Amino acid sequence: MYSFGILSAAIWVPIVGGFLVLALGDRAGGNLARWASLLVSVATFAITLPLLTGFDTQTASMQFVERIPWIPSFHIEYFLGIDGISLWFILLTSFLTVLVVISSWRNVSSRLSQYLAAFLIMDGLMIGVFCALDAILFYVFWEAMLIPMFLIIGVWGGPRRVYATIKFFLYTFLGSVLMLVAFLYLYFHCGDSFSLLAFQRTPLGTSAQTWIFLAFLIAFAVKIPMWPVHTWLPDAHVEAPTAGSVILAAVMLKMGAYGFLRLSLPITPDASHQLAWLMITLSLIAIVYIALIAVVQKDMKKLIAYSSIAHMGYVTLGFFVFTQTAVEGAIIQMLSHGFVSAAMFLCVGVLYDRMHTREIEAYGGVANVMPIFASLMMLFAMGNVGLPGTSGFVGEFMVVLGTYQAYPWPAIIAATGLITGAAYTLWLFKRVLFGGIVHAQVAALNDLNGREILVLGSLAGLVLLLGVWPAPFLDVVHVSVAHLLQQVSVSKIPS
Amino acid sequence: MHNALSHWSFAIPEIWVLVMACVVLLVDVYVGKRQRDLAFVLTGFSLLAAMALTWADRGQSGFAFFGQLRLDPFTSVASFFVELLTLLVLLYSRKYLLRRGLYRGEVFVLLLFALLGAMILISGSNLLVLYLGLELLALSQYALVAFQRDNVRATEAGLKYFILGALASALLLYGMSLLYGLTGSLNLQQIAVALINVGPQNFLLVLAVVFVVAGIAFKLGAAPFHMWLPDAYQGAPTPVTLFMSSVPKIAIFALFLRILVEGGYGSIEIWRQLFIALVLVSLLIGNVVAIAQTNLKRMLAYSTVGNMGFLALGIVAGTQNGLASAFFYAVVYALMATAAFGLIVYLSREGFEAEEISDLRGLGRSRPWAAFLLLVIMFSLAGVPPTIGFYAKLAVFQALIEAHFVWLAVYGVLMAVVGAFYYLRVLKVALFDPPTEDLRYGADDPLAASVLTVNSVALLILGIVPGALLAFCFHALQGVL
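Quick note, the sequences are listed as chains A and B, same order.
Anchor point for the first sequence: position 282 equals 282 in this note's numbering, and the numbering is continuous, going up by one each time.
Anchor point for the second sequence: position 434 equals 1434 in this note's numbering, and the numbering is continuous, going up by one each time.
Next comes the structure, spelled out in structure tokens:
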């Protein structure tokens, strides 16, 4: 309940640092920019650590609150705070930014300082999304984040980067503008306040709830992305540079899911219950149908992109069955996917840096020449499959279990997704890593260097930690989820 | 009102600008040949002094010249902005004019007279005075557009602008005459009182409002009265386009405010319907047709049409907040438009106007700082936070939802997404495409460069701390109803 401005520091240090890196430019062959970015990202991560140590797991109310008027004429406040739901995502964001800076050390050829600056600025903006408690502040972070990502894909992306980045921007922009209208409606409805906490308290009629739920749904469904508005994601992932894919998959997709928890469920509980069938159906389609699409992909990044959509299906499924186990499982699944998808994209990046192709067919027998890489990737593949002992298992198992308590049939359908997941992941793994060495290029591959081992190794540690000992992670979210479910169970329709 | 003439002090900024316009004209006649910069400096000084005088007047209110001119919070704030914008135009254009042999005293005099017209539109309180202000602004602009006499495009644009502009003035004048016939007065306060007895069902009143709104829409450039706009924007020398896209928008909004709110608020139900139609058409035409443009100035012209649609959303709301948000939108739009056209002015040189979108290819590599400013300007125009353009749209939508026009707000945000596409396309060309070999930008004017930097960075800084500007603009409209 105290405030030293930790959250503000976590938002503004990387943003200001990013502009400083931009000002440094590519002097000294970019080394200055590299070390400065590393310093800024590590500092940001260090700033966010006290959030964990100082966090009170016994309360569901907002902590580390900062609240000052920002635009008084519109009653918009600079209102920050976190609870158990947002805490892990802030840490995930700042941690991954460090990894992204390290992994981009050597493999970006042009305009390095601008590249790193974009990631640092995005770091601050993403942390902003996770701790904003004022609707307009939330929206500002939510939208502003698109700008650096737009540039990262557009400037440093692959051959079809322009198409991919404009599609990415317009899809997400279209999704979020309707959310803005919903915010403005809620503002007048709850007596001239943009506070999300006030939104959560205000009573709402049935039709208003439905419309607001749908407006939020479009915004979040695009971001997650859910079927059928997922088509921007494979394009964006394939064209984005490795680090861009990592942030996109590991953090940005989580924002849509976070939006459901922070906005949709507590603000429109009745509509959430009424439309749960829709959400469960869409989630199951993602789990089953998108996973099947993943099986037939020829491009490694595209395969992982589709696998991301399928995995996010478990998350949305978990939210809308409204049981404690399922919601907590969904949050763990979000975290786990943050680690695993980041690691998978980094693995593809490692191969791409060496071979400059992402076609699965171009590989084969990589395990023979890159043993360390192969063993690490093995672990991440198992995490993606959801093997017990890895983080993927905890999340998916809890979601399926929690779903079974409420709806047995959807749980059974969802469980088939685990099998498809195993199919595409293991098949990918087999085709790329096992078998004989297909040609001389593969034979000439070098194994991981120290920098890559550091990045992938730290993620591997987290995947295992979350897999074998999820209790500390769950402790943090427990009370907040219970509070959320209690909010959702109470009708807000005025009698 | 009885000793109103003694309150001429309320009109000091207008008088100052008039006097200085004459002084600049005379100075240029006698020493212009040798010392052209003198006229430039003198004009700049006049504008700065006018801003200071206007600033000193703020907070006061009253009438001057027997109720012909009026000073209220809105007058000072709006006049301050048009003076500031004219100053920006002047600073941006020096090198451009020099290079093309247009650096002549007449330009400065015409600019000052146009500004005077805009100020009279803002402070006028009588239909005829307003009309005089409008014509002063318009005539100065016609001359400015066609100032480059040896340029076919410019003269064509000038002619088109003149003919259609005259038509618009005539429509407006006809509407005013009907209002006079209905109420027997030219004074806006008396018109407001007289309209109470007329009632919104009166056919003549409907006719009058239709003509006035049509005239205003013409001058603003709202569709379907936008035909002159792309040609005039494209044909005019870019500094003139810069002026046309900024100062008149605020001045014409003031004209609307004076006639239809101060005088004709009783007819809100009539003009609201008309503005809804204007919004629907402007947002569609402005945003969709802009996509098809390859010329940057033309694209920005259609973007003006779309933006006037957003501005009109605030007018449709018609509430205190709605009108304030429309005014805020006009100010913000003017700042964005000056930055956008200022960038074109800055990049151009003799024989190369930098006005095709493809001229910006590879700007990110060759001129990273200019590309960064372009990024800020385009995202601000698209209404993406954290730029001030977002708050302009936010204010308008907020007022609209407050007035229960949720469907229009939804239409508006969807059109904003369509609009985002063509701004992104400019960025795509500038940032993602490789530079072409033979392209050499002017971009060597330190004065324009610094003004452009301040102007564009302001769009970003104001987006992070928008509170003061918002309060400043909203305060100006306090008590307008």
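Backbone N, C-alpha and C fix where the C-beta goes; we use that ideal spot for every residue, glycine too.
From a predicted model like this one, the values you see are computed outputs, not experimental measurements.
Counted as a single uninterrupted DSSP element, the alpha helix (DSSP H) harbouring Arg1272 (chain B) occupies residues 1268-1291. For Gly1062 (chain B), the uninterrupted beta strand (DSSP E) segment begins and ends at 1062-1064. Among the residues of chain B, none has a CB under 9 Å from the CB of Trp12 (chain A); the nearest is roughly 11 Å distant.
Between Ile153 (chain A) and Ala236 (chain A), the CB-CB gap stays under 8 Å.
Taking C-alpha positions only, Ala1168 (chain B) is separated from Ala1214 (chain B) by approximately 7 Å. Judged by their CB atoms, Gly1419 (chain B) and Gly1306 (chain B) are nearer to each other than the 8 Å cut-off. When Cβ-Cβ separations below 8 Å define contact, Glu143 (chain A) makes contact with chain B. The Cβ atoms of Leu1300 (chain B) and Val1396 (chain B) lie no closer than 8 Å to each other. In the three-state scheme derived from DSSP, where H, G and I count as helix and E and B as strand, Phe434 (chain A) is classed as coil.
Here DSSP, grouped into helix, strand and coil, assigns Gly329 (chain A) to helix. Among the residues facing chain B, Gly154 (chain A) is included, as its CB has a counterpart in that chain under 8 Å away.
Across the structure, Gly467 (chain A) and Phe397 (chain A) are spaced so that their CA atoms are roughly 11 Å apart. Taking a contact to require three or more Cβ pairs closer than 8 Å, the segment 211-229 of chain A and the segment 174-183 of chain A qualify as touching.
Contact annotation for Gly1322 (chain B) against chain A: no contact, minimum CB-CB distance about 13 Å [criterion: below 7 Å].
Pro72 (chain A): not part of any alpha helix (DSSP H); DSSP gives it neither H nor E. DSSP places Leu1091 (chain B) in no beta strand (DSSP E) but in the uninterrupted alpha helix (DSSP H) bounded by 1073-1099.
Distances from the alpha-carbon of Val42 (chain A) to those of A:Gly30, A:Asp123, A:Arg262 put A:Asp123 closest. By the Cβ test, the segment 426-445 of chain A is in contact with the segment 365-379 of chain A, since at least three Cβ pairs between them sit closer than 8 Å. Residues of chain A with a Cβ closer than 7 Å to the Cβ of Phe1275 (chain B) do not exist; the shortest Cβ-Cβ separation is about 20 Å. Annotation note: the segment 1291-1339 of chain B contains the following uninterrupted alpha helix (DSSP H) runs of length 4 or greater, listed N- to C-terminal: 1296-1317.
With distances taken between CA atoms, Ser73 (chain A) lies nearest to B:Phe1474 out of B:Phe1474, B:Ala1052, B:Ser1185, B:Arg1070. Taking one beta carbon from each stretch, the segment 1193-1211 of chain B and the segment 1224-1236 of chain B have fewer than 3 pairs nearer than 8 Å; the two do not touch. Annotated three-state conformation of Ala132 (chain A) is strand, per DSSP. For Leu1136 (chain B) against Phe1162 (chain B), the beta-carbon gap comes to about 14 Å, at or over 8 Å, which does not count as contact.
Under the DSSP assignment, Leu1360 (chain B) falls outside any alpha helix (DSSP H); it carries neither an H nor an E label.
The beta carbon of Lys1428 (chain B) sits closer than 8 Å to some beta carbon of chain A. Put simply, the CB of Trp70 (chain A) is near chain B, with a gap under 8 Å to one of its CB atoms. The residue among A:Ile247, A:Ile290, A:Phe393, A:Met226 with its C-alpha nearest the C-alpha of Phe260 (chain A) is A:Met226. Approximately 18 Å separates the beta-carbon atoms of Leu80 (chain A) and Val476 (chain A); this is outside 8 Å, ruling out the contact.
With the rule of 3 Cβ pairs closer than 8 Å, the segment 157-167 of chain A does not count as touching the segment 203-214 of chain A. For the pair Leu1091 (chain B) and Gln1320 (chain B), the CB atoms are not nearer than the 8 Å cut-off. Beta-bridge pairing by DSSP links Ile82 (chain A) to A:Gln63. Between Phe194 (chain A) and chain B, the shortest Cβ-Cβ separation is not below 8 Å. The criterion of a C-beta distance shorter than 8 Å is satisfied by Ile1344 (chain B) and Lys1297 (chain B).
In this structure, Gln63 (chain A) keeps its C-beta atom at 8 Å or more from the C-beta atom of Ile90 (chain A).
DSSP, read as helix, strand or coil, puts Gly1124 (chain B) in strand.
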